[in-house]
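Using the UniProt record's numbering, read the sequence shown as starting at 1 and increasing by one per residue.
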Amino acid sequence: QLWSVLYFFMLLLLGMGSMLGNVTAIITPLQDFKVVSHMSHELLNGVVCLLCFLLGLGFTTTSGNYWFAMFNDYGATFSLLFIVLIEVTII
1 QLWSVLYFFM
11 LLLLGMGSML
21 GNVTAIITPL
31 QDFKVVSHMS
41 HELLNGVVCL
51 LCFLLGLGFT
61 TTSGNYWFAM
71 FNDYGATFSL
81 LFIVLIEVTI
91 I
């Protein structure tokens, strides 16, 4: 029982670590380009995390598997490679 708890705790920490990198990739350009300069850093972090939470709720509904398939098929292929290419070119 202990190993199963530790395994799922490790998966939870792995997911949180991955999400930290994703949220940082969203927040840093917003702060660098002064898009939301009137907001404090804590408020901006909270708003971005709230938006990510609300977007993630769609995957927990009864049609969540359909939404996941749509994102997996169309969001993680050529469009993702195009975004990464643009990021590498700009930086």
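Built from N, CA and C at the ideal position, the CB exists for glycine as well.
For residue 33, does the three-state DSSP call read helix, strand or coil?
-> Three-state result, residue 33: coil.
Proximity winner among 86, 28, 71, 46, relative to residue 58 (alpha-carbon distances) | 71
CB-CB under 6 angstroms to residue 19, same chain, minus the five flanking residues each way: which ones, in chain order?
-> none
Of all the beta strand (DSSP E) runs that stay within the bounds of the segment 58–91, which reach a length of 3 or more residues?
-> Within the segment 58–91, no complete beta strand (DSSP E) run reaches 3 residues.
Inter-residue Cα distance where the pair is residue 86 and residue 53 = 26 angstroms
How many whole angstroms separate the CB atoms of residue 48 and residue 26, which I take to be in contact at a CB cut-off of 8 angstroms?
-> Right, their Cβ atoms sit about 6 angstroms apart.
Run through DSSP, which three-state label would residue 41 get?
-> helix
CA-CA distance, residue 24 and residue 77?
-> 22 angstroms
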